[in-house]
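Engineer: For the sequence shown, the working numbering assigns the number 1 to the initial residue and increments by one for each residue that follows.
A virtual CB, placed ideally from N, CA and C, is assigned to each residue, including glycine.
These numbers were taken from a predicted model, which means no experiment stands behind them.
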Amino acid sequence: MASRPDLARSVKTLFLKSRLLESLDFDKSRMAFDTCTRLFGSSSQELYRKTRKIRLSAIKRAFFLGTRTYTFLRPQEFLPIVGDQLLSILVAILPNLSHINIEEDRRWEFDVSPATLDNLGVRSIPLKTLETEHALPNLLARAPGLETLVTSASGEFPNMPCLRNLHIRSKDAVRAPAIEQLLSACTGALSTFSYTSFDSDIVGVVNLLDKPRFYASLETLHLNMLKTDSKGDHKMPSLKQFIQLKSLFLHTYFLYGSRSPTCCWTECKVKSLFDILPSSITSLDLSERTPTPDGRMYDDLLILSKDAAFAFPQLKEIRSNADHVCDEYPQTLFKSVGVDLIYQDPTICCWIDTVVRIIGSGDCYHYDLGYGGGAMPLPSELSDDDL
């Protein structure tokens with residue numbers, strides 16, 4: 001690729017898989033790096049001379065100079081170093097790179113090397129989409145135009161003034177300070193927020209979004225909270241303050257509770273769609289992961305059908321995997337006010353569940369995470385036209 005600048009200019013997306021990293025050979029990686037640096041009129045030895053003021057480890061010196069006194073290196077010793085340098089040279093030789101996907105591997109983390117990019121004359125990267133478990137502050141510092149971030153919210157993120165789409169994905173509940181720091185780094189007009197995790201604190205997540213700067217910018221809210229408490233109030237907060245909100249994904253438990261005999265222990269505090277939705281809503285996805293108490297969701301949708309024309313004039317469609325509410329009668333009522341009530345069969349559903357890809361297959365519960373759909377399609381699962 002480095003020897004074919006015409007091909008390098010056509011590459012827009014880069015996927016880094018953990019299996020690929022595991023198979024890297026230290027010496028072959030070093031030689032490939034050196035070959036690529038020569039396209040910039042430099043060499044790995046020249047880069048070493050320019051960074052001599054920085055104290056380098058023995059492995060880094062061996063990588064740049066091609067000399068080492070030992071014959072065996074353990075992967076955990078050299079892969080983070082090699083990963084940093086290869087990622088740096090990749091973004092340097094691919095001038096039109098707009099999308100990077102780095103597969104999760106908790107054994108090591110890597111980021112671009114500021115010194116390497118500076119010495120190669122790479123001041124900025126035209127990156128628009130980044131999928132990564134951890135923050136890559138060095139990379140993000142050179143990608144001021146980043147628009148879409150998919151992450152588990154691990155690490156400190158620098159300011160991202162152009163970020164419009166934030167997708168948080170984690171197998172565990174993400175701590176509130178981590179979400180808060182990430183949201184504070186979104187200094188521009190955030191239009192999409194999605195949160196998929198084994199969590200049930202929907203009040204806490206909405207409270208973190210409850211800032212005036214998000215009221216007029218947030219258009220899509222996707223809350224795929226995968227943990228269902230067996231007891232306690234299902235405290236779905238109002239979303240009426242988000243005056244530009246057009247699309248909402250929500251599990252029905254947070255509105256209507258579940259059939260569990262321990263749900264709330266006493267009388268349930270059922271929430272109504274009428275009470276939480278802003279008038280700007282156009283599309284609503286209601287996912288039933290646990291059985292809803294008889295009649296609650298059905299009755300609420302009937303009420304909504306009567307109020308939709310004046311309270312929610314822009315509402316166009318409601319999708320749900322709950323077949324017991326998508327029968328002919330409510331569908332007819334909604335149709336009369338210009339709203340499509342669509343049953344989404346979970347067995348043939350087109351909602352793409354990406355949770356398994358994000359969290360791996362090591363946990364016994366992960367097979368159930370996508371019950372009833374729920375995960376938004378991520379950038380790596382969309383076509384070029386969608387992006």
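1. Quick test of your reading: D340 and K306, contact by CB under 8 Å. State the CB separation rounded to the nearest angstrom.
2. Report the option in L218, I243, P212, D294 whose CA atom is closest to the CA atom of T252.
3. Between F33 and P80, how many whole angstroms is the CB-CB distance? I'm expecting something under 8 Å.
4. Below 7 Å CB to CB, which residues in the same chain sit around T389 once its five sequence neighbours on both sides are set aside?
5. Could you tell me whether the stretch 269-287 touches the stretch 318-329, where touching means 3 or more Cβ pairs closer than 8 Å?
6. Quick one: grab the DSSP three-state call for V150.
7. Considering only their Cβ atoms, is the gap separating S29 from V82 smaller than 9 Å?
8. Using only alpha-carbon positions, find the residue among L149, L301, N138, Y48 that is nearest to L130.
9. Helix, strand or coil: which one does DSSP assign to S305?
10. Exposed or buried, T132, counting other C-beta atoms within 10 Å across all chains shown (16 or more means buried)?
11. Would the stretch 89-103 and the stretch 56-67 be scored as touching if the rule is three or more Cβ pairs under 8 Å?
12. Is the distance from the Cβ of L221 to the Cβ of F242 below 9 Å?
13. Contact defined as beta carbons within less than 8 Å: I believe V122 pairs with L139. What is the distance between those atoms, to the nearest angstrom?
14. Using the C-alpha atoms, what's the distance from H324 back to G204?
15. Shortest alpha-carbon distance to W108 belongs to which of F214, E22, D27?
16. If I follow the unbroken alpha helix (DSSP H) through D397, where does it start and stop?
17. In the DSSP assignment, find the unbroken alpha helix (DSSP H) run with D27 in it and report its ends.
18. Who are the Cβ neighbours of F157 in its own chain at under 6 Å, not counting the five residues just before and after it?
19. Between the alpha carbons of P212 and G257, how many angstroms are there, rounded?
20. Taking just the CA atoms, how far does N96 sit from Y195?
21. Restricting to runs no shorter than 4 residues, where is the alpha helix (DSSP H) found entirely within the stretch 60-108?
22. What do you get for R142, buried or exposed, if any count of 16 or more other CB atoms within 10 angstroms of its CB means buried?
23. Does DSSP classify R169 as helix, strand or coil?
24. Hey, could you find the ends of the alpha helix (DSSP H) D118 is sitting in?
25. Out of D172, T151, L250, R55, which one is the CA nearest neighbour of I102?
Structural biologist: Quick answer:
1. For D340 against K306, the beta-carbon gap comes to about 17 Å, at or over 8 Å, which does not count as contact.
2. Comparing alpha carbon positions, the residue from L218, I243, P212, D294 closest to T252 is D294.
3. Contact doesn't hold; Cβ gap of about 15 Å is too wide.
4. Outside the displayed range of the chain (1 to 387) lies residue 389, so it cannot be described from this structure.
5. Touching, yes.
6. V150 sits in a strand when the DSSP states are folded into three classes.
7. Against a cut-off of 9 Å, the Cβ pair of S29 and V82 comes out as a contact.
8. Closest by alpha carbon: L149.
9. DSSP places S305 in helix when its eight states are reduced to three.
10. The residue is buried, with at least 16 neighbouring Cβ atoms inside 10 Å.
11. No: fewer than three Cβ pairs fall under 8 Å.
12. Less than 9 Å separates the beta-carbon of L221 from that of F242.
13. So it is not a contact: roughly 11 Å between Cβ atoms.
14. For G204 and H324, the distance between alpha carbons rounds to 31 Å.
15. Of F214, E22, D27, the residue nearest in Cα terms is E22.
16. This structure gives no information on residue 397, because the portion of the chain shown stretches from 1 to 387.
17. Here the alpha helix (DSSP H) through D27 covers 26-37.
18. In the same chain as F157, and ignoring 5 residues on each side of it, the C-beta atoms closer than 6 Å to its own belong to A135, L182, A185, in chain order.
19. Computed Cα separation, rounded: 30 Å.
20. Each residue's alpha carbon lies about 29 Å from the other.
21. List check, alpha helix (DSSP H) in window: 75-93.
22. Sixteen is the threshold: when 16 or more other Cβ atoms of the shown chains lie within 10 Å of the Cβ of R142, as they do, the residue is buried.
23. In the displayed model, R169 falls within a strand according to three-state DSSP.
24. Boundaries of the alpha helix (DSSP H) around D118: 114-119.
25. The candidate whose alpha carbon is nearest that of I102 is T151.
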